[in-house]
Amino acid sequence: MTSNTSKLYPKTYKPLSVGLVVFSMLGVIFSQSFFPLLAQATDGQAVNIALNIAKTARNLTAGENTFSDSVNASNNDRLRWQIQINNPGNTTLSNVFVRDVLPSFLYFINGTTKINGNFSGDGITVGGISLGSLYPGYSHTITFETTVGPVLDNNYILTNYAYARADQISEKNDSATVYVSQPGAANLNIKKSVRDLTSGQVLPSTYLIANAGDRLLFSLGISVPSGASAVSNVRLWDNLPAGLNYISGSSRVDGVYIGEGIVSSGLNLGTMYASQTKTVNFEALVSAIYSGYYDSRTLTNYAYVSGDGVPQRSASAQVFVGQTTAISNTPVTPSATLTKKVVNLTSPNGTDTDNGATAVNILEYTITLTNNGPGILNNIHLTDILPPYVTFQTVDNGGSYDNLTNQVTWYCGSLANGTSQSFSFRVTVQAVPSIGYIIKNIASASADNLPLINSNETHTTFVAGAVKGAAVKAVTGSDNFSRNLAVSVIGNFFTLGRIYNVSFS
177 MTSNTSKLYP
187 KTYKPLSVGL
197 VVFSMLGVIF
207 SQSFFPLLAQ
217 ATDGQAVNIA
227 LNIAKTARNL
237 TAGENTFSDS
247 VNASNNDRLR
257 WQIQINNPGN
267 TTLSNVFVRD
277 VLPSFLYFIN
287 GTTKINGNFS
297 GDGITVGGIS
307 LGSLYPGYSH
317 TITFETTVGP
327 VLDNNYILTN
337 YAYARADQIS
347 EKNDSATVYV
357 SQPGAANLNI
367 KKSVRDLTSG
377 QVLPSTYLIA
387 NAGDRLLFSL
397 GISVPSGASA
407 VSNVRLWDNL
417 PAGLNYISGS
427 SRVDGVYIGE
437 GIVSSGLNLG
447 TMYASQTKTV
457 NFEALVSAIY
467 SGYYDSRTLT
477 NYAYVSGDGV
487 PQRSASAQVF
497 VGQTTAISNT
507 PVTPSATLTK
517 KVVNLTSPNG
527 TDTDNGATAV
537 NILEYTITLT
547 NNGPGILNNI
557 HLTDILPPYV
567 TFQTVDNGGS
577 YDNLTNQVTW
587 YCGSLANGTS
597 QSFSFRVTVQ
607 AVPSIGYIIK
617 NIASASADNL
627 PLINSNETHT
637 TFVAGAVKGA
647 AVKAVTGSDN
657 FSRNLAVSVI
667 GNFFTLGRIY
677 NVSFS
């Protein structure tokens with residue numbers, strides 16, 4: 177028995193052999209898991225693995241055109257929710273997964289889920305959606321819609337949570353709140369946004385990525401909904417988190433200096449009435465403690481408002497602090513082009529930018545945004561104000577139409593370097609003051625890192641009768657070729673002059 181054991185495990189080498197095997201196995205595991213990260217760190221970068229999530233909403237029934245982390249609503253109102261996922265680090269995230277848990281009294285509307293403006297399956301509230309890999313600096317925007325109620329209580333609060341995780345990151349969450357009120361009751365709404373003045377950010381948002389020393393502008397919108405009762409003793413205060421330092425003398429109410437109470441004892445805005453809004457701005461600096469900081473930290477700034485008979489409401493804005501590289505902290509500002517085309521769907525004619533139309537013709541406008549680089553365009557915002565003498569019909573790619581401003585709007589997330597995205601909407605031509613009237617239209621676009629740019633202008637000339645390319649019989653209702661030809665030529669007189677630059681004088 178002793179001799180057999182000695183053959184299998186020689187006494188001299190048994191402890192050494194077992195130790196070498198274990199050490200070798202640990203070495204393989206260590207090299208496969210640690211060395212890839214070490215390689216990134218020794219390539220002039222500090223490894224930063226990060227995932228951010230921001231949840232907001234807007235009330236479509238109330239005509240809101242901006243997202244916020246809190247909204248007012250009544251029973252049966254239609255809400256659009258937005259979940260923004262971004263990777264501010266320098267490591268690709270694998271198997272990114274997002275889910276949303278709807279509270280009671282919020283009911284999902286089938287067929288409304290979109291990822292980066294494109295329709296997707298409706299799994300976001302019933303299990304979740306897989307987004308695959310998320311590269312450094314990239315983001316995804318998910319939207320979906322719900323209806324509210326019926327809720328019988330006044331000032332009922334609904335909180336909707338969204339969650340995101342990846343193989344390298346444990347699950348994180350963010351929420352947006354709905355304050356449900358009954359018609360005629362006293363009510364207040366609060367919206368909060370932030371803008372990085374140092375980086376030249378154009379549009380405010382509910383979250384941003386900042387560096388140490390950046391100067392930030394926080395904006396608070398306090399309003400009383402239309403049809404609500406007046407609210408007395410409206411009180412507003414803001415709690416700056418550690419890492420954000422208030423700039424003395426920067427507080428303003430509707431542009432007028434108001435003192436320093438916003439971040440200490442608070443402000444009393446007095447009595448506010450239905451449909452009234454007050455805007456409060458103040459500035460803060462990102463603390464120098466984050467200088468040279470290569471991890472990611474989230475600074476959440478909460479603001480609160482209340483009034484007589486109205487419970488406390490809150491809104492927040494998030495500041496993600498932390499650099500992704502030790503080499504350079506210079507922001508990359510992409511350039512972009514915005515092009516616009518028009519097509520007469522009823523009677524195709526002319527070019528991509530100049531054509532003719534008559535009453536009840538349907539025009540389709542297509543806007544294409546191209547990121548010429550370098551870098552990614554973040555939080556893209558497109559707008560198009562409809563020209564006179566057309567009526568809105570439809571819009572695609574997640575856009576919305578506001579009949580009060582006569583404007584079509586898209587919020588489009590991010591656009592990678594060297595890529596393009598197109599957006600379309602349709603209108604119907606109305607009767608115009610005179611033959612030869614030109615319907616002109618342009619579109620505009622901006623992003624967090626892109627100043628406002630305009631597209632080219634399109635022209636549609638109003639003509640009498642049929643336009644170039646229309647069926648001859650449709651002009652007169654007759655099969656007499658000579659008569660139809662004469663009427664058609666007269667009807668196209670002004671169109672030809674506009675499209676082909678022909679002078680008839």
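Under the numbering used here, think of the first position of the sequence shown as 177, with each following residue one higher. Quick reminder that beta carbons are idealized off the backbone N, C-alpha and C, glycines included. These numbers come from a predicted model, not from an experiment.
Length of the line joining the Cα atoms of residue i and residue j
i, j, result
"residue 557", "residue 358", "33 Å"
"residue 519", "residue 475", "48 Å"
"residue 640", "residue 534", "6 Å"
"residue 260", "residue 583", "24 Å"
"residue 348", "residue 304", "14 Å"
"residue 268", "residue 372", "26 Å"
"residue 725", "residue 437", "This structure cannot settle anything about residue 725, because the visible part of the chain is limited to 177 through 681."
"residue 550", "residue 510", "5 Å"
"residue 419", "residue 276", "30 Å"
"residue 331", "residue 483", "13 Å"
"residue 440", "residue 416", "9 Å"
"residue 577", "residue 601", "10 Å"
"residue 598", "residue 621", "12 Å"
"residue 559", "residue 300", "28 Å"
"residue 495", "residue 295", "30 Å"
"residue 456", "residue 266", "36 Å"
"residue 234", "residue 375", "27 Å"
"residue 630", "residue 563", "15 Å"
"residue 613", "residue 424", "55 Å"
"residue 504", "residue 391", "Note on residue 504: pLDDT 35, under 50, position unreliable in the model; the coordinate value appears next. Their Cα atoms are separated by approximately 19 Å."
"residue 571", "residue 540", "10 Å"
"residue 546", "residue 512", "5 Å"
"residue 410", "residue 240", "22 Å"
"residue 248", "residue 604", "33 Å"
"residue 446", "residue 408", "6 Å"
"residue 569", "residue 521", "13 Å"
"residue 526", "residue 635", "10 Å"
"residue 340", "residue 531", "48 Å"
"residue 278", "residue 403", "28 Å"
"residue 573", "residue 588", "9 Å"
"residue 258", "residue 318", "6 Å"
"residue 596", "residue 293", "13 Å"
Contacting residues, own chain, Cβ-Cβ under 6 Å from residue i (five flanking each side not counted)
i, result
"residue 343", "270, 271"
"residue 485", "362"
"residue 452", "400"
"residue 428", "457"
Same chain, Cβ closer than 7 Å to residue i, five either side skipped, listed in chain order
i, result
"residue 491", "244, 245, 246, 366, 367, 368, 479"
"residue 554", "315, 590, 623, 624, 625"
"residue 606", "535, 565, 566, 567"
"residue 611", "638, 639, 640, 670"
Nearest neighbour of residue i, chosen from the options [CA to CA]
i, options, result
"residue 487", "619, 361, 259, 305", "361"
"residue 586", "543, 625, 457", "543"
"residue 460", "393, 540, 473", "393"
"residue 464", "574, 386, 628", "386"
"residue 514", "575, 249, 628", "628"
"residue 329", "450, 249, 319, 356", "356"
"residue 414", "406, 449, 477", "477"
"residue 397", "454, 581, 412", "454"
Same chain, Cβ closer than 8 Å to residue i, neighbours up to 5 away in sequence not counted
i, result
"residue 314", "262, 263, 552, 590, 592"
"residue 701", "Residue 701 lies beyond the range of the chain shown here (177 to 681); nothing can be said about it."
"residue 633", "516, 529, 616, 617, 618"
"residue 307", "261, 272, 273, 274, 291, 316"
"residue 345", "225, 226, 227, 269"
"residue 351", "231, 245, 335, 336, 337, 338"
"residue 282", "255, 322, 323, 324, 334, 336, 354"
"residue 389", "374, 461, 462, 464, 467"
"residue 380", "369, 370, 371, 393, 395"
"residue 383", "228, 230, 260, 370, 493, 494, 495, 496"
"residue 298", "284, 286, 287, 288, 289, 320"
"residue 538", "520, 521, 522, 569, 602, 603, 604, 605"
Bridge partners - residue i, DSSP secondary structure assignment
i, result
"residue 494", "383, 476"
"residue 399", "365, 453"
"residue 683", "Here the chain comprises residues numbered 177 to 681, so residue 683 is not present and cannot be evaluated."
"residue 372", "392"
"residue 335", "353"
"residue 483", "486"
"residue 511", "549"
Residue-chain proximity (residue i, chain B), Cβ-Cβ < 9 Å
i, result
"residue 333", "Checking the listed chains, one finds no chain B in this structure; it contains a single protein chain."
For the stretch 244-293, list the alpha helix (DSSP H) runs that are entirely contained and at least 4 residues long, ordered along the chain. Counting only runs of 4 or more, we get nothing.
Please give me, in chain order, every unbroken run of the beta strand (DSSP E) with length at least 3 that falls completely inside the stretch 552-634. Entirely contained in the stretch 552-634, the beta strand (DSSP E) runs reaching 3 residues are, in chain order, 557-561, 566-571, 576-578, 583-587, 596-605, 614-617, 620-623, 626-630.
Along the chain, which unbroken stretches of the beta strand (DSSP E) at least 3 residues long are found entirely within the stretch 517-556? Counting only runs of 3 or more, we get 530-533, 538-549.
Which runs of the beta strand (DSSP E) spanning at least 3 residues fall entirely within the stretch 391-444, listed in chain order? Uninterrupted beta strand (DSSP E) stretches at least 3 residues long and entirely within the stretch 391-444 occur at 391-399, 407-415, 420-422, given in chain order.
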